[in-house]
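Here's the structure, in structure tokens; my notes come after.
2 protein chains.
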Amino acid sequence: MEPLRRKALVDAALRAIGENGSLAVPMAEIARHAGVSPALAHHYFGSKEQLLIETIRSLLRQLRADAVAALTAAQTPRARVSAIIRVNFQAHQFAPETVAAWLAFYSEAQRSDAVRRLLFTYARRLRSNLVASLKHLAGTDDAARIAEGVAALIDGLYLRQGLKSAPISIAASQALVEDYVSAELAQRQARHTSQETQA
Amino acid sequence: MEPLRRKALVDAALRAIGENGSLAVPMAEIARHAGVSPALAHHYFGSKEQLLIETIRSLLRQLRADAVAALTAAQTPRARVSAIIRVNFQAHQFAPETVAAWLAFYSEAQRSDAVRRLLFTYARRLRSNLVASLKHLAGTDDAARIAEGVAALIDGLYLRQGLKSAPISIAASQALVEDYVSAELAQRQARHTSQETQA
DNA sequence: TTTTGTTGATTGATTGATCAATTAAAAATA
DNA sequence: TATTTTTAATTGATCAATCAATCAACAAAA
């Protein structure tokens, strides 16, 4: 029973948080979503905070699995970059409830060290993956800079999607990031070429 | 007394929210920051929600004033774009307490229509200002796309700053956005030139 | 019988909001 | 000016609601 209940409660927490747009959703509501009593949620997770942390872990685990799969399929460095971008814009990542949950977690990171560590670890891995691929396409400095830009763009587009007043679609958001990478690489290419011309 | 108290309470709310990283800060703590009793805060604002809304209004008002000043000083379209970017990266906008408050407000926008409307209005004005200037430098479609990119970049860099695990400085963040604009405009220029060559 | 799963009832703490009471300031009146 | 009256400012005390957490009790399975 235990693994079943744990999964059901984690899924229920994500759903409840998404619906509510806040981590301040009562344990009772989460438990109701999972079809159990509030007492049982405490029995298995000990505290609300622990359940929330497990919920974030579950989100990140899924994201990582998707990323690994996408990266394995990609053959060239440029394709790897696109794969990373694509994973972050996957449909279920952009589902309103998921976006709402992410936003709530980011906000919570300001108070909880544990949550901050989790999000930080994810951010580092994302950057690391991006830099590794970009290094084949640009110098170390440019790779780091572009990686930071891509990560910020993804976060920003995510945030704006969360406001629902989104002026652009998911596909357009993804295209915007792709375009950023292309423009930056092209600009670097041009700089490089002009330097050779000058020399 | 009334205007004095209102201002003191709004400032106190911003500070308390920033310190706490959440809108869930008790009215009593906000009142304490302002040196008055909790009852007085209710007396002047009626409810906690109203005080929070006035607090956001105050933030947006300041930002708008800064933007107007910066835009007035800028002479060329490109300088206007830089001015808008610069204002958003002003030191006091990046103060930890301000970033924390912004994040909390974004999260709150998912629940409160009033808050969402306020943030949406600000986002629309930012976009409008950007597009107006960019139209002098690129076509309508490109202008809209680049404006969205700039806005998303600003939001994303802001978000990442909020996690404190910021790998890059404020100046570097600002430079990154500037570079995005330059790269996009250069890419457009290149596309345009090659088309002429082909023709 | 022992272990595991499960819940209803309850508790203790937090907190937004209210209100009667108090003080201080201002206005009106003598 | 002095006195009374009215208005504004302010607070301590308290209420009512919410909620995480606990626990004793019960059911089911091993």
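Chain order of the listed sequences is A and B. By the working numbering, the letter at position 140 of the first sequence is numbered 140, and the numbering carries on one by one without gaps. In the working numbering, each residue carries its 1-based index in the second sequence increased by 199. Even glycine gets a Cβ: it sits at the ideal position worked out from N, Cα and C. A quick note: this is a predicted structure, and the numbers were derived from the prediction, not measured.
Is there at least one Cβ from chain B nearer than 7 Å to residue i's Cβ?
i                 : result
Leu157 of chain A : yes
Ile170 of chain A : no
Ala152 of chain A : yes
Gly46 of chain A  : no
Gly139 of chain A : no
Arg111 of chain A : yes
Glu148 of chain A : yes
Leu176 of chain A : yes
Ala70 of chain A  : no
Arg86 of chain A  : no
Ala104 of chain A : yes
Val181 of chain A : no
Would you call the CB atoms of residue i and residue j closer than 7 Å?
i                 : j                 : result
Ala100 of chain A : Val87 of chain A  : no
Gly217 of chain B : Glu307 of chain B : no
Ile30 of chain A  : Ala8 of chain A   : no
Ala123 of chain A : Val131 of chain A : no
Val81 of chain A  : Ser133 of chain A : yes
Arg214 of chain B : Tyr243 of chain B : no
Ser58 of chain A  : Val25 of chain A  : no
Gly21 of chain A  : Gln309 of chain B : yes
Answer with buried or exposed for residue i, where buried requires no fewer than 16 other C-beta atoms within 10 angstroms of its C-beta.
i                 : result
Ser327 of chain B : exposed
Gly355 of chain B : buried
Ala398 of chain B : Because the pLDDT at Ala398 of chain B is just 45, under 50, the model does not fix this residue reliably, and the value given afterwards should be weighed accordingly. Ala398 of chain B is exposed by the Cβ-count criterion.
Ser37 of chain A  : exposed
Ser344 of chain B : It should be pointed out that residue 344 of chain B corresponds to Arg in this sequence rather than to Ser. Under this definition Arg344 of chain B is a buried residue.
Glu347 of chain B : buried
Thr271 of chain B : exposed
Ala282 of chain B : buried
Ala95 of chain A  : exposed
Thr254 of chain B : buried
Ala114 of chain A : exposed
Gln75 of chain A  : exposed
Ala269 of chain B : buried
Ile189 of chain A : The displayed chain sequence assigns Gln, not Ile, to residue 189 of chain A. Label assigned to Gln189 of chain A: exposed.
Ala203 of chain A : The structure shown does not extend to residue 203 of chain A, since chain A is modelled only from 1 to 199, so the question has no answer here.
I'd like to know if residue i contacts chain A, where contact means its C-beta is closer than 7 Å to some C-beta of that chain.
i                 : result
Arg277 of chain B : no
Ile255 of chain B : no
Gly217 of chain B : no
Ala233 of chain B : no
Gln386 of chain B : yes
Glu228 of chain B : no
Ser306 of chain B : yes
Gly362 of chain B : Here residue 362 of chain B turns out to be Leu, not Gly, going by the sequence shown. Leu362 of chain B counts as touching chain A.
Glu383 of chain B : yes
Arg324 of chain B : no
Gln289 of chain B : no
Glu296 of chain B : no
Arg359 of chain B : yes
Ala300 of chain B : no
Ala212 of chain B : no
Gln331 of chain B : What sits at residue 331 of chain B in the sequence shown is Ala, not Gln. No, no contact with chain A.
Val224 of chain B : no
Ala398 of chain B : Low per-residue confidence applies at Ala398 of chain B: pLDDT is 45, beneath 50, and the placement is therefore not dependable, though the value from the model is reported in the following sentence. No, Ala398 of chain B lies away from the interface with chain A (no Cβ there is under 7 Å from its Cβ).
How close, in whole Å, do the beta carbons of residue i and residue j come, if the pair is a contact with beta carbons under 8 Å?
i                 : j                 : result
Leu384 of chain B : Leu336 of chain B : 6 Å
Ile284 of chain B : Gln373 of chain B : 6 Å
Leu119 of chain A : Phe105 of chain A : 7 Å
Ala41 of chain A  : Leu51 of chain A  : 6 Å
Ala370 of chain B : Gln187 of chain A : Rounded, the Cβ-Cβ distance is 20 Å, inconsistent with contact.
Leu159 of chain A : Leu103 of chain A : 7 Å
Leu163 of chain A : Arg315 of chain B : 7 Å
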